[in-house]
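Start counting the sequence shown at 493; every next residue gets the next number (our numbering).
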Amino acid sequence: MSLLTARGLTMSYPGVRALGGVDFELRAGEIHALCGANGAGKSTLIKILCGVIPHGRHGGIVTLAGNECRFAGPADARRAGIRVIHQELALCPDLDVTENVFLGEEFLRGPILDRDRMESETRAALDRLGLSDVPARARVGALPVGLQQMVEIARALRSTSGDRHGAKILILDEPTSALSAREATRLEEVLLRLRADGYGLLYISHRLDEVFRLADRVTVLRDGESVGEAARGAYDAARVVAMMAGTTWGDGLNGQGGHDGRSGQDGPGPSSRSSIVSNIVHPPTSFPPSATLLSVKNWTVPSPANPDRNVVDDVSFDLRAGEILGFAGLMGAGRTELVESLCGLFPARGRGEIVVDGKPYTPRDAGHALRHGLALVGEDRRARGLFPGASVRANITMSSLRDFCAVGWLLREAPERGAARTQVDALRVKTPDTEFRVEGLSGGNQQKALLGRALLTRPKILILDEPTRGVDPAAKEEIYALIRKLAGEGLGVLLISSETEEVLKLAHRVIVLRAGRAAAERQAEKLTTETVLALAA
């Protein structure tokens, strides 16, 4: 029986088409996996199905048990029986299990909480999930991450009174990304039990081994469109990866041989590649002998939330002067955690050996990293990079103010303004003047301002995490040219990008991360988008 269907879903943000026509069906008593590379449209689809993107802002139709749904917000989707277990858990750590399970829907007995009834229903929900060993009065923050996730599921499934009811549809977004192997096994047992009870489970994961083990059906998204669907036994890792990359040949999903899954579009032949990789021009891979700027050996970083799991696990690499070393991988692979830990910015401390320019180095904080020649331009420029209310000048010189101080902290404004103007001119930041508020610039020019800030610290190693996110194509090419120029001048560059073709276009070497470990290290010219996705998944 069909629980949930979506037909022709479309969604656009300013300048970006997130969904261009997605068809999807979730049935009762099935686990349906949703696969796609970074940026394929999975997150946008989830937001539509759970009401975060309300009806009217997106195109297409969503139906629940045959009836069209017009969700005005998440509360409507919850009342309709749709629950989402997000990758980042939404729990109150200082409250106990019962208080979290009933958060916002508490039972009252007169003017006071009916604690006994709430605890009784909480224990019943936990028993149903095979979690009778979890105390209803345990503080959630003291539980392992795996059990915290079970508390979220118990909250989603609990039946409530009146016209509200427990979910028959569960959407799980990367549910095992923060779990140890034992916790993941326990979660899988719970999901199989729910499937047997008639629930529809939409399972989003980059880990294809989980998908093949659990899913009854799989739908693949690419570039905001649904490009294939198949039942258990009709797909394998190679086929799914090919669909994700757009390089399918032979038997496709849905039995469409020689077809990429889109209506009326022929897939590439056996001797050709998709347009995603056909225009990639790799930088030269031969270097004159150059110094090793950074050497990382057996670097391991535990998860702050789950010490039994490592977000970076025994990673080793070297970076030479003038080299661009790319890190590829799917979301949750540990790329950002790796570079943030190298700069002392990750909450958990890493262990292993790091040598910078021939000297031992132990990351402490951002200032310590800068003093040792490591400069990071992070992945989220708005939340963790820019000072939006400040000027372009202030944003560029923020990390180098000591260089412009005469006595103690007395700022010499003329040299500071001159340095900011030099960076603006060198990087071609399009701004009326350096006193213009940085929030008024385009995304590409904001990114250039952050690059200018990093370069003003005179780094030996430049770390770029998603350097062109939210940047228009013309600005991307300017940033690409700048990265190549900096490497040509002897900087070592660590590059992270969710766009695999961007990594292949810029990097000399590529390390593919999977679940915190280095799955492969290759010369970029020997890789294709499909190969990288296969290694990452």
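For glycine and all other residues, C-beta sits at the position ideal for the given N, C-alpha and C.
Quiz item: Given a threshold of 16 other Cβ atoms within 10 Å of its Cβ, counted over all protein chains shown, does G692 qualify as buried or as exposed?
Solution: Reading the sequence shown from its first residue, position 200 is the one you call residue 692. Per the 10 Å Cβ criterion, buried.
Quiz item: How big is the Cα-Cα spacing for D568 and G543?
Solution: Counting from 1 along the sequence shown, the entry for residue 568 is found at position 76. Counting from 1 along the sequence shown, the entry for residue 543 is found at position 51. Cα to Cα, the separation comes out at about 7 Å.
Quiz item: Is P627 helix, strand or coil when you go by DSSP?
Solution: Against the sequence shown, residue 627 aligns to sequence position 135. P627: coil per DSSP, three-state reduction.
Quiz item: Whose C-beta lies closer than 8 Å to the C-beta of E666 among residues of the same chain, with five residues either side of it excluded?
Solution: Taking the sequence shown and counting its residues from 1, the one referred to as residue 666 is at position 174. Once the five neighbours on either side are set aside, the close Cβ partners of E666 are Q579, I696, S697, H698, M823 and G824.
Quiz prompt | Sequence-distant residues of the same chain with beta carbon closer than 8 Å to L1019, five excluded per side | solution = Reading the sequence shown from its first residue, position 527 is the one you call residue 1019. Closer than 8 Å at Cβ, skipping near neighbours: L996 and V1002.
Practice problem: Figure out for me which residue from E597, V632, L664 and R615 has the closest Cα to the Cα of C527. | Solution: Along the sequence shown, read from residue 1 onward, the residue named residue 527 stands at position 35. Of the listed residues, the one whose Cα sits closest to C527 is L664.
Self-check item: Helix, strand or coil at M736 according to DSSP, with G and I counted as helix
Solution: Reading the sequence shown from its first residue, position 244 is the one you call residue 736. The answer is helix: DSSP assigns M736 an H, G or I state.
Quiz item: Does the distance from the CB of A723 to the CB of R709 come in under 8 Å?
Solution: Looking up residue 723 in the sequence shown gives position 231. Looking up residue 709 in the sequence shown gives position 217. In this structure, R709 lies closer than 8 Å to A723 by Cβ.
Quiz item: Should I523 and L683 be called a contact, given that it needs their Cβ atoms to be closer than 8 Å?
Solution: The count along the sequence shown starts at 1 and reaches residue 523 at position 31. The count along the sequence shown starts at 1 and reaches residue 683 at position 191. Taking 8 Å as the Cβ cut-off, I523 and L683 qualify as a contacting pair.
Exercise. Run the CB neighbour count on V769, radius 10 Å, all protein chains shown included, and call it buried at 16 or more, exposed below.
Key: Counting from one through the sequence shown, the residue named residue 769 turns up at place 277. Residue confidence is low: V769 scores 30 on pLDDT, short of 50, so the model does not pin down where it sits. Its coordinate-derived value is still stated next. The residue in question, V769, is buried, as its Cβ has 16 or more Cβ neighbours within 10 Å.
Quiz item: CA-CA distance, E702 and P636?
Solution: Residue mapping note: residue 702 aligns to position 210 of the sequence shown, counting from 1. Residue mapping note: residue 636 aligns to position 144 of the sequence shown, counting from 1. About 21 Å.
Exercise. Check each candidate in N798, G716, L943 and V831 and name the one with the smallest Cα separation from G500.
Key: Position 8 of the sequence shown, counting from 1, holds the residue named residue 500. Taking only the C-alpha atoms, the option nearest G500 is G716.
Self-check item: Candidates G558, L987 and F599, of which the one nearest A820 by Cα
Solution: Indexing the sequence shown from 1 puts residue 820 at position 328. Among G558, L987 and F599, the Cα nearest to that of A820 belongs to L987.
Self-check item: Counterpart residues of Q641 in DSSP-defined beta bridges
Solution: As a first step, residue 641 is located in the sequence shown; it is residue number 149 there, counting from the start. Bridge partners of Q641: none, in fact.
Quiz item: Under a three-way DSSP split, which group does E1022 fall into?
Solution: On the sequence shown, residue 1022 is found 530 positions in, with the first residue counted as 1. Three-state result, E1022: helix.
Quiz prompt | Cutoff 8 Å; reference T436; Cβ partners in own chain excluding five residues on either side | solution = What the structure shows of the chain is the stretch from 493 to 1029, and residue 436 is not part of that stretch, so it cannot be assessed.
Quiz item: Taking Cβ to Cβ, would you say G818 is nearer than 8 Å to V804?
Solution: Here residue 818 refers to the residue found at position 326 of the sequence shown. Here residue 804 refers to the residue found at position 312 of the sequence shown. No, the pair does not count as a contact, with Cβ atoms beyond the cut-off.
Practice problem: Look at the alpha carbon of V712 and the alpha carbon of L694, and state the distance between them as a whole number of angstroms. | Solution: Along the sequence shown, one-based indexing puts residue 712 at 220. Along the sequence shown, one-based indexing puts residue 694 at 202. The straight-line gap from Cα to Cα measures roughly 13 Å.
Quiz item: What residues in its chain sit with their C-beta under 8 Å from that of E1013, if we drop five residues either side in the sequence?
Solution: Counting from 1 along the sequence shown, the entry for residue 1013 is found at position 521. Closer than 8 Å at Cβ, skipping near neighbours: F809, R1001, V1002, I1003 and V1004.
Practice problem: Have a look at E644 and G596 and give me their C-alpha separation to the nearest angstrom. | Solution: Locating residue 644 in the sequence shown gives position 152, where the first residue counts as 1. Locating residue 596 in the sequence shown gives position 104, where the first residue counts as 1. Answer to the nearest angstrom: the Cα atoms are 14 Å apart.
Exercise. Run the CB neighbour count on M493, radius 10 Å, all protein chains shown included, and call it buried at 16 or more, exposed below.
Key: As a working mapping, residue 493 is identified with position 1 in the sequence shown. Counting Cβ neighbours within 10 Å, M493 comes out exposed, since fewer than 16 surround it.
Practice problem: Compute the Euclidean distance between the alpha carbons of D806 and R1006, then round it to the nearest angstrom. | Solution: The sequence position of residue 806 within the sequence shown is 314, counting from 1. The sequence position of residue 1006 within the sequence shown is 514, counting from 1. The alpha-carbon atoms of D806 and R1006 are separated by roughly 12 Å.
Quiz item: Going straight from the alpha carbon of E991 to that of A520, what length do you get?
Solution: Looking up residue 991 in the sequence shown gives position 499. Looking up residue 520 in the sequence shown gives position 28. C-alpha separation (whole angstroms): 35 Å.
Exercise. Report buried or exposed for P794, applying the criterion of at least 16 other Cβ atoms within 10 angstroms of its Cβ.
Key: Mapped onto the sequence shown, residue 794 falls at position 302. Buried is the call here.
Quiz item: With respect to the alpha helix (DSSP H) encompassing P566, which residues constitute its N-terminal and C-terminal limits?
Solution: Position 74 of the sequence shown holds residue 566. Looking at the DSSP string, the run of the alpha helix (DSSP H) that includes P566 is P566 to R571.
Practice problem: Alpha carbon to alpha carbon, how far is R961 from R876? Give it in angstroms, no decimals. | Solution: For the purposes of this step, residue 876 is identified with residue 384 of the sequence shown, where counting begins at 1. For the purposes of this step, residue 961 is identified with residue 469 of the sequence shown, where counting begins at 1. If I take the Cα positions, the gap works out to 14 Å.
Exercise. With DSSP as the reference, please indicate the residues paired to E1013 in a beta bridge.
Key: What you label residue 1013 is simply residue 521 of the sequence shown in a count that begins at 1. Partner(s): I1003.
Quiz item: Hey, V848 and H864 are a contact pair by Cβ (cut 8 Å); roughly how many whole angstroms apart?
Solution: One-based indexing of the sequence shown puts residue 848 at position 356. One-based indexing of the sequence shown puts residue 864 at position 372. 5 Å between Cβ atoms; contact.
Quiz item: Just checking my contact of V788 with G850 at CB under 8 Å: how many whole Å lie between their CB atoms?
Solution: Position 296 of the sequence shown, counted from the start, is the residue given in the question as residue 788. Position 358 of the sequence shown, counted from the start, is the residue given in the question as residue 850. No, V788 and G850 are not in contact; Cβ-Cβ is about 14 Å, not under 8 Å.
Quiz item: Helix, strand or coil: which one does DSSP assign to D708?
Solution: Start at 1 with the first residue of the sequence shown, and residue 708 comes out as number 216. Here D708 sits in coil by DSSP.
Self-check item: Which of helix, strand or coil DSSP assigns to A867
Solution: For the purposes of this step, residue 867 is identified with residue 375 of the sequence shown, where counting begins at 1. When DSSP states are grouped into helix, strand and coil, A867 belongs to the strand group.
Quiz item: What residue from L649, P924, A1010 and L943 has the CA that sits closest to E871's CA?
Solution: Your numbering for residue 871 matches position 379 in the sequence shown. Answer by Cα proximity: L943.
Quiz item: Between A867 and the rest of its own chain, which residues show a CB-CB distance below 6 Å, the 5 nearest in sequence each way excluded?
Solution: Translated into the one-based positions of the sequence shown, residue 867 becomes position 375. Residues A946, T949, P951 and L954 of the same chain have their beta carbon placed closer than 6 Å to that of A867, with the five preceding and five following residues left out of the count.
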